[in-house]
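Q:
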Amino acid sequence: SLGIKKPLLVTDRGLASMAITKNALDILEDAGLGRAIFADVDPNPNEKNLEAGVKAFKDGGHDGVVAFGGGSGLDLGKCVAFMAGQTRPVWDFEDIGDWWTRASLEGIAPIVAVPTTAGTGSEVGRASVITNSETHVKKIIFHPKFLPGIVISDPELTVGMPKIITAG
10 SLGIKKPLLV TDRGLASMAI TKNALDILED AGLGRAIFAD VDPNPNEKNL EAGVKAFKDG
70 GHDGVVAFGG GSGLDLGKCV AFMAGQTRPV WDFEDIGDWW TRASLEGIAP IVAVPTTAGT
130 GSEVGRASVI TNSETHVKKI IFHPKFLPGI VISDPELTVG MPKIITAG
């Protein structure tokens with residue numbers, strides 16, 4: 010058990026309106042874990058999405074993240090959980106040398122990853138890809154704590170995805 014009592018489900022805008030997301034929120038609510046969602050996630054998540062996600066996490070008093078979706082939702086969810094406990098800018102944790110050691114371990118929230126597509130591998134990775142909105146350069150943000158504590162890999166979740174995503 011990760012000890013999460015009030016998770017924030019992080020997903021992308023497209024998934025937010027789909028039945029599988031409603032079902033996931035129903036499951037959380039039925040388990041007494043609330044029904045909070047953050048879906049301001051661009052196809053290539055950027056630091057503005059991240060800042061908004063961290064704000065939603067803190068303002069909602071959340072203590073964990075359910076990263077739900079494809080690579081974008083999973084990457085941003087993991088980064089929200091990580092950055093909720095940091096005071097430095099996200100770019101200070103780019104995957105360069107030992108930059109990851111700059112992180113404060115206190116306040117890094119636990120992560121449950123629920124992939125709804127196959128292929129990105131974000132659910133088993135220790136990094137997230139975040140795009141700098143000014144330079145449009147993708148950066149790899151790394152820390153061992155990005156590795157989700159629990160992964161729910163259910164192939165049934167891919168069944169309702171658009172064919173273009175499944176074939177991806």
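Taking our numbering, I'd label the letters of the sequence shown as residues 10 to 177. Cβ coordinates follow ideal geometry from the N, Cα and C atoms, glycine included.
1. Could you tell me if Pro157 is buried or exposed, where buried requires 16 or more neighbouring beta carbons within 10 angstroms of its beta carbon?
2. Quick one: is Ser137 buried, meaning 16 or more other Cβ sit within 10 Å of its Cβ, or exposed?
3. Just confirm the distance between the C-beta atoms of Ile117 and Gly94, as a whole number of angstroms; I'd bet it's less than 8 Å.
4. Can you check the segment 44 to 124 for any beta strand (DSSP E) of at least 3 residues that lies completely inside it and give the ranges in chain order?
5. Just to confirm my understanding: we take Phe66, look at its own chain, exclude 5 residues before and 5 after, and list those with CB closer than 6 Å. What are they?
6. Using only the alpha-carbon positions, how far apart do Phe91 and Leu83 sit?
7. Evaluate contact between the segment 108 to 116 and the segment 146 to 155, counting only Cβ atoms and requiring at least three cross-stretch pairs below 8 Å.
A: Taking the geometry as given:
1. buried
2. buried
3. 5 Å
4. 45 to 47, 73 to 78 and 120 to 124
5. Leu17, Val89 and Ala93
6. 12 Å
7. yes
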